[in-house]
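Asker: Everything in the sequence shown is counted per UniProt numbering, starting at 1 for the first residue and increasing by one.
Can you keep this structure in mind? I'll have questions shortly.
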Amino acid sequence: MNRPLDTGDHADFRADRLLDVLVPTRDRPAELAVTLSGLAAQEGVPGFGVVVSDQSDGEPGYAHPAAATMVRALRYRGHPVLLTRRLPRRGLAEHRAALLAASAARYVLFLDDDVWLEPGTLSRLVTAIEELGCGFVGNGVHGLSYLDDVRAQTHRHYREWTGRPVPERIRPGTPEWDRAQIHSAANLLHVTEALELPVGGWRAYQVSWIGGCVLYDRAKLVDCGGFEFWRRVQERHQGEDVAAQLSVLARHGGAGVLPSGAYHLESPTTVTERDVEAWEVVLADPGM
Numbered sequence: 001m002n003r004p005l006d007t008g009d010h011a012d013f014r015a016d017r018l019l020d021v022l023v024p025t026r027d028r029p030a031e032l033a034v035t036l037s038g039l040a041a042q043e044g045v046p047g048f049g050v051v052v053s054d055q056s057d058g059e060p061g062y063a064h065p066a067a068a069t070m071v072r073a074l075r076y077r078g079h080p081v082l083l084t085r086r087l088p089r090r091g092l093a094e095h096r097a098a099l100l101a102a103s104a105a106r107y108v109l110f111l112d113d114d115v116w117l118e119p120g121t122l123s124r125l126v127t128a129i130e131e132l133g134c135g136f137v138g139n140g141v142h143g144l145s146y147l148d149d150v151r152a153q154t155h156r157h158y159r160e161w162t163g164r165p166v167p168e169r170i171r172p173g174t175p176e177w178d179r180a181q182i183h184s185a186a187n188l189l190h191v192t193e194a195l196e197l198p199v200g201g202w203r204a205y206q207v208s209w210i211g212g213c214v215l216y217d218r219a220k221l222v223d224c225g226g227f228e229f230w231r232r233v234q235e236r237h238q239g240e241d242v243a244a245q246l247s248v249l250a251r252h253g254g255a256g257v258l259p260s261g262a263y264h265l266e267s268p269t270t271v272t273e274r275d276v277e278a279w280e281v282v283l284a285d286p287g288m
């Protein structure tokens, strides 16, 4: 019998840690369990915290026995976990803003609830952001059902940073905007295979934005306004992560990291109302 799960306390959780992982979720108990299992297997970043913020229509996903077990496994391994519900729903950006407010860590990883991280991923991302000193680094997610679908024409968008990333003002219709094509399907796996990286090696590359697994320097994200633009966009939007990353890129720079240890579960989306691109609203601001 699965016993009641302690959800944790906001005040106790919000501490001066190196890293917190922030997971927004809705109606995905099975996927959430897989996502948490990936976190539970991470090593090299001791004591990182995890926040799960649930907006499910019924009971929260973390109440499912499989997800609850992974919460307990994380806590057993020394990782504080805060479980919250954010209702009523006010849109994706507001949800991310609430998650960010729950953390006081130096770095925050926004991780979607349908992404599994292979062991070593967190350590590599933290190493990268500390060495690069930019606003964010991220892992584009692999879709393994596309493993045999080699899209060589997208590989031309892969360009490595030869030094520390510099700030970039990226806009639609430019060659820089097209960099996002490298993150579709299994393109990153094919690029990585061609690089033949040594064991433990990694590369930083130029991006326009990354979905699903993005590690921010929290102070730099807050300096760029975080996700507070949620107040200016209607609830039925998408592209809130793009909007935040464009702001951080413009002021502090950012990078993708290879190899990526992030794997997309390829489940149907739970975001079915997407009337507005949040980044379009943010870019319309004269200050951007």
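Every residue, glycine too, gets a C-beta built ideally from N, C-alpha and C.
Quick one: is Asp54 buried, meaning 16 or more other Cβ sit within 10 Å of its Cβ, or exposed?
Answerer: buried
Asker: Find the nearest neighbour of Thr162 within the set Ile170, Glu196, Ala204, Asp148, judged by alpha-carbon distance.
Answerer: Checked all of Ile170, Glu196, Ala204, Asp148; the closest Cα to Thr162 is Ala204.
Asker: On a CA-only basis, which of Arg77, Leu19, Asp27 is nearest Thr269? Give me that one, please.
Answerer: Among Arg77, Leu19, Asp27, the Cα nearest to that of Thr269 is on Asp27.
Asker: Who does Ser53 pair with in a DSSP beta bridge?
Answerer: Pro24, Thr84
Asker: Name the residue from Leu221, Asp57, Ala105 whose alpha carbon lies nearest to the alpha carbon of Leu87.
Answerer: Asp57
Asker: Among Tyr107, Thr154, Asp178, which has the Cα closest to the Cα of Leu189?
Answerer: Thr154
Asker: How many Å lie between Leu144 and Ala250 at the Cα?
Answerer: 32 Å
Asker: Can the beta-carbon of Ala278 be found less than 8 Å from the beta-carbon of Glu235?
Answerer: no
Asker: In angstroms with no decimal places, state the Cα-to-Cα distance between Ser184 and Arg151.
Answerer: 9 Å
Asker: Would you report the Cα separation of Ala186 and Asn139, rounded to the nearest angstrom?
Answerer: 12 Å
Asker: Work out the CA separation of Leu39 and Leu117 for me, nearest whole Å.
Answerer: 7 Å
Asker: For Trp230, name the three-state secondary structure that DSSP assigns.
Answerer: helix
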